[in-house]
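Chemist: Letter by letter, the sequence shown follows residues 6 to 379 in my numbering.
Ideal Cβ positions, reconstructed from N, Cα and C, are used throughout, including at glycine.
Predicted model only: the values in this text are computed from it and were never measured.
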Amino acid sequence: MIRQGTIFLFAFLMTFVSAMHAQSSSVPSSRLAHLQHGVNLSAWFAQVYDPKGYTKEHFETWTTSADIALIRSAGFDHVRLSVNPQPIMDASRRGESERYFDSLDAAMKMILDAGLAVELDMHPDSDFKERLKQNDFVERFADFWRTIAKRYSSYDPERVFFEILNEPEMNDPYRWYGVGTKLAAAIRQAAPANTILAPGASWDDDNDLLFLEPLRDANVIYVFHFYEPHIFTHQGATWGAFYWHWLKDLHYPSDPKNAAEVSAAIPEAVHRLDVIRYGQDHWDASRIEAEINAVADWAKQNGVPVVCNEFGVFRHAQPQDRNAWIRDTRVSLEKHNIGWAMWDYSDSFGVAIKKDGKATLDPKTLSALGLKMP
Numbered sequence: 006m007i008r009q010g011t012i013f014l015f016a017f018l019m020t021f022v023s024a025m026h027a028q029s030s031s032v033p034s035s036r037l038a039h040l041q042h043g044v045n046l047s048a049w050f051a052q053v054y055d056p057k058g059y060t061k062e063h064f065e066t067w068t069t070s071a072d073i074a075l076i077r078s079a080g081f082d083h084v085r086l087s088v089n090p091q092p093i094m095d096a097s098r099r100g101e102s103e104r105y106f107d108s109l110d111a112a113m114k115m116i117l118d119a120g121l122a123v124e125l126d127m128h129p130d131s132d133f134k135e136r137l138k139q140n141d142f143v144e145r146f147a148d149f150w151r152t153i154a155k156r157y158s159s160y161d162p163e164r165v166f167f168e169i170l171n172e173p174e175m176n177d178p179y180r181w182y183g184v185g186t187k188l189a190a191a192i193r194q195a196a197p198a199n200t201i202l203a204p205g206a207s208w209d210d211d212n213d214l215l216f217l218e219p220l221r222d223a224n225v226i227y228v229f230h231f232y233e234p235h236i237f238t239h240q241g242a243t244w245g246a247f248y249w250h251w252l253k254d255l256h257y258p259s260d261p262k263n264a265a266e267v268s269a270a271i272p273e274a275v276h277r278l279d280v281i282r283y284g285q286d287h288w289d290a291s292r293i294e295a296e297i298n299a300v301a302d303w304a305k306q307n308g309v310p311v312v313c314n315e316f317g318v319f320r321h322a323q324p325q326d327r328n329a330w331i332r333d334t335r336v337s338l339e340k341h342n343i344g345w346a347m348w349d350y351s352d353s354f355g356v357a358i359k360k361d362g363k364a365t366l367d368p369k370t371l372s373a374l375g376l377k378m379p
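1. Would the beta-carbon of TYR350 fall within 7 Å of that of LEU46?
2. Does the pairing of the stretch 157 to 166 with the stretch 188 to 198 give three or more beta-carbon distances under 8 Å?
3. Would you kindly work out how many angstroms separate the C-alpha atoms of TYR182 and PRO204, rounded to a whole number?
4. Figure out for me which residue from GLY43, ASP279, PHE316, ASN171 has the closest Cα to the Cα of TRP330.
5. Suppose you measure from the CA of PRO324 to the CA of ARG332; what does that come to, to the nearest Å?
6. Please report the straight-line C-alpha distance between LEU366 and MET378, rounded to a whole angstrom.
7. Does the distance from the C-beta atom of ASP326 to that of TYR257 stay below 7 Å?
8. Would LEU125 pass as a contact of LEU86 if the rule is Cβ separation under 7 Å?
9. Do you know whose CA, among GLU62, HIS63, LEU121, lies nearest PHE81's CA?
10. Can PRO92 and TYR54 be called in contact, C-beta distance under 7 Å?
11. In terms of residues, what are the limits of the beta strand (DSSP E) holding PRO204?
12. Out of SER372, VAL318, ALA295, point me to the one whose CA is closest to SER337's CA.
13. Are the stretch 215 to 228 and the stretch 239 to 249 touching by the rule of at least three beta carbon pairs closer than 8 Å?
14. According to DSSP, is LEU376 part of a helix, a strand, or is it coil?
15. Looking at the secondary structure, which residues open and close the beta strand (DSSP E) in which VAL53 lies?
16. Taking 8 Å as the threshold, find out whether the stretch 246 to 261 comes into contact with the stretch 275 to 284 through three or more Cβ pairs.
17. Give the DSSP-derived three-state secondary structure of THR2 in the structure shown.
18. From what residue to what residue does the beta strand (DSSP E) around ILE73 run?
19. So who's on the other strand from LYS363, going by DSSP bridges?
20. Assign ASN314 to one of two classes, buried (16 or more other C-beta atoms within 10 Å of its C-beta) or exposed (fewer than that).
21. Classify GLY355 as buried or exposed, calling it buried when 16 or more other Cβ atoms lie within 10 Å of its own Cβ.
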C-alpha cells in the first residue's frame, strides 16, 4: 500500500508539473493576424559594415518613407527591423548611441504610421553573441533589453513585437534556454503587454526550434528561419561554407544530372559529394513540406504559435529556380497557418532591386510570395 500510494503521488505530481509547464498560449489571434506576410529590413540598423558606421545619412537614405509605402502597397502586413545593440550599449560611443536612438524612433514611427506591424529584432554580430557565454555580459544585455522594451512599450502592443535575439549561435541548447529565459524576463518586466518572439539555439533553423523548451510565458510566439537546403539557397555566397562560392546554376527542384555537373567545379571531394547528394535527395515541394510539417507538429504538441521570420534565396541562383523555392516554401508555411517574413527587402536576397536609391519590386518574386504588384 505504501509503495502503491507513493506511485500514485508521483504520478499526480508529474501530471501537475506537466500541466504547469504546458502553459497554453495567450497570444491574441489579432496579433498573429499582423504577422502573416512580412519582409526583413536588413542592413539599416544592423549589419552595416561601411567604415563610416551608423551615420545619420545612412539611416535617412537606406530605407525611406517611399520604401515603407511600397512595402505596404505590395500587400505586406509587417516588417522585421533588425537592430544592432553594439553601438548603443557601448558607453564610449555616446554620440553614436543618441543618433542611433533618434533614428530608430523615427523609423518605428514611420513604419507604424504606414499601418505595418514591426518585429524589433535584436541582431548583433557574432562576437557579441560569443560574449553571452559570460554571465555578467548576459546581465548587461538584459539591462539593455529593459531599456529598449520600456522605450517602445508605449507603442501599440498589437503591432510591436520584441524578438529576444537573432540566431543565438549557441551550440548548447541548455545554456541558451537559461539565457533566453533571463532576457525574456527582462523584456516582460519592462513591457508587460507586448508579445515576445523567441528563437531556438544556434542558427534558429527548424531543427533548433524542435529542440527548444517553450518558455514559461504565455505571451510568446516562437520563431524559426528556413533556408533548407543551404547548398541551394546560398549558392554563390562568399560567407558560410567556403565551397558555396563555387556553386553556380544549381537547380531547384534538385536534379541528379544537374548536381553532378555543378559538382565538377568544386575542388574538394567531400564538398563535391555534398552537391551530388543534393541532387539525389530530390529536394522539391514535398521535401520542403516534410520539413515545415515537423515544425507545425512541434507547435501543436506544445500549444504555441510559430512564425517563420526569415526565408529566402540568394540572388546568385537562377531566377526561375529561386522563385520556385520561394513559392514552395511560402505555400507550405501557409498550409500550416504559419506567418512568414521573407529575407529580405532590397539587399542580396531581395524582393526588390534598388538602383540609385529607388526600389523596384520584382514581379515574379512577388508572385511567388502570393502577392500582386501594386
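Modeler: Let me lay it out:
1. In this structure, LEU46 lies closer than 7 Å to TYR350 by Cβ.
2. Using a Cβ-Cβ distance cut-off of 8 Å, the stretch 157 to 166 and the stretch 188 to 198 are in contact, since at least three pairs of beta carbons, one from each stretch, lie closer than that value.
3. If you take the alpha carbons of TYR182 and PRO204, they lie about 10 Å apart.
4. Nearest C-alpha to TRP330: PHE316.
5. When rounded, the distance between both Cα atoms is 12 Å.
6. Using only the alpha carbons, I get a separation of about 8 Å.
7. A Cβ-Cβ contact shorter than 7 Å links ASP326 with TYR257.
8. By the CB criterion at 7 Å, LEU125 and LEU86 fall inside the cutoff.
9. Comparing alpha carbon positions, the residue from GLU62, HIS63, LEU121 closest to PHE81 is LEU121.
10. Against a cut-off of 7 Å, the Cβ pair of TYR54 and PRO92 comes out as no contact.
11. Residues 200 to 204.
12. Nearest C-alpha to SER337 among SER372, VAL318, ALA295: ALA295.
13. The stretch 215 to 228 vs the stretch 239 to 249: no contact.
14. Per DSSP, reduced to three states, the secondary structure at LEU376 is coil, with no helix or strand assignment.
15. Taken as a continuous stretch (DSSP letters only), VAL53 belongs to no beta strand (DSSP E), as it is neither H nor E.
16. With a cut-off of 8 Å, the stretch 275 to 284 and the stretch 246 to 261 count as touching, because enough Cβ pairs lie within range.
17. In the structure as shown, the chain starts at 6 and stops at 379, and residue 2 therefore has no counterpart that could be examined.
18. It is not in any beta strand (DSSP E) - ILE73 instead sits in the alpha helix (DSSP H) that spans 70 to 78.
19. Note: LYS363 sits in a beta bridge opposite LYS360.
20. Taking all protein chains in view, the Cβ of ASN314 is crowded by 16 or more other Cβ atoms within 10 Å, so the residue is classified as buried.
21. A residue is called buried when at least 16 other Cβ atoms come within 10 angstroms of its Cβ; GLY355 meets this threshold and is buried.
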